[in-house]
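Notes follow the structure.
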Amino acid sequence: MEISYSEVIPSVDEYTLLIESTGWQGILPKGEQKLNESISNSWYSISAIDQGKTIGFGRILSDGVLHALVCDLIVLPLYQGKGIGSVILKELLRKCNEKDILMIQLFAAKDKYAFYKNYGFEERPSDAPGMRWINRNIF
1 MEISYSEVIP SVDEYTLLIE STGWQGILPK GEQKLNESIS NSWYSISAID QGKTIGFGRI
61 LSDGVLHALV CDLIVLPLYQ GKGIGSVILK ELLRKCNEKD ILMIQLFAAK DKYAFYKNYG
121 FEERPSDAPG MRWINRNIF
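Note that full-length UniProt numbering gives residue 110 to position 110 of the sequence shown, counting from 1, and the numbers run on in steps of one.
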């Protein structure tokens with residue numbers, strides 16, 4: 001196993017495989033064109049590649065000054081626990097640091113909190129939790 005890292009975005013098929021490996025099925029119905037548009041519009045992204053196959057991916061949305069959001073950090077299950085997610089996250093943080101971005105945020109699954117805490121992320125205080133709105137075509 002010889003992992004390389006590249007700023008190239010994964011194909012829609014590779015991205016779909018990564019998403020399916022997480023159980024985040026809700027975004028897949030958007031279709032190929034929308035998924036490609038989504039990852040192409042990232043402020044910064046990095047892929048982990050093993051023998052030509054994308055096995056990990058991380059990306060950031062940002063205004064490039066104050067705020068950044070890590071919206072994907074995915075490593076295929078077979079490759080987890082090998083430091084690949086750490087390399088991806090460090091590269092995302094390096095890019096934000098290079099631009100002196102003030103605040104980097106993310107949403108993490110409960111079982112991933114410890115991973116992110118190792119890199120200085122903190123849980124939001126319970127008196128100031130985050131919120132979200134999901135478009136379910138209610139209008």
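Note that beta-carbon positions come from the ideal geometry of N, C-alpha and C, so glycine has one too.
Quick caveat, the model's predicted, so the values are computed rather than measured.
_Boundaries of the alpha helix (DSSP H) in which S21 is found, first to last residue_ = For this step, residue 21 is matched to residue 21 along the sequence shown. Start and end: V12 to T22.
*Figure out for me which residue from H67, I49, W24 and I9 has the closest Cα to the Cα of M103.*
The sequence position of residue 103 within the sequence shown is 103, counting from 1. Checking every option, the nearest Cα to that of M103 belongs to H67.
*Between the C-alpha atoms of S47 and R59, what's the straight-line distance to the nearest angstrom?*
As a first step, residue 47 must be located in the sequence shown, where it is residue number 47. As a first step, residue 59 must be located in the sequence shown, where it is residue number 59. So the alpha carbons of these two residues sit roughly 9 angstroms apart.
*asked:* Can you tell me whether D127 is helix, strand or coil according to DSSP?
replied: Counting from one through the sequence shown, the residue named residue 127 turns up at place 127. Residue state, collapsed to three classes: coil.
*asked:* Here's the rule I'm using: 16 or more other beta-carbon atoms within 10 Å means buried, otherwise exposed. How should F57 be labelled?
replied: The count along the sequence shown starts at 1 and reaches residue 57 at position 57. With 16 or more Cβ atoms within 10 Å of its Cβ, F57 is classed as buried.
*asked:* Can you look up K53 in the DSSP assignment and give me helix, strand or coil?
replied: Residue mapping note: residue 53 aligns to position 53 of the sequence shown, counting from 1. It is a strand residue.
*Check V8 in the structure and name its three-state DSSP category.*
As a working mapping, residue 8 is identified with position 8 in the sequence shown. Secondary structure at V8: coil, using DSSP grouped into helix, strand and coil.
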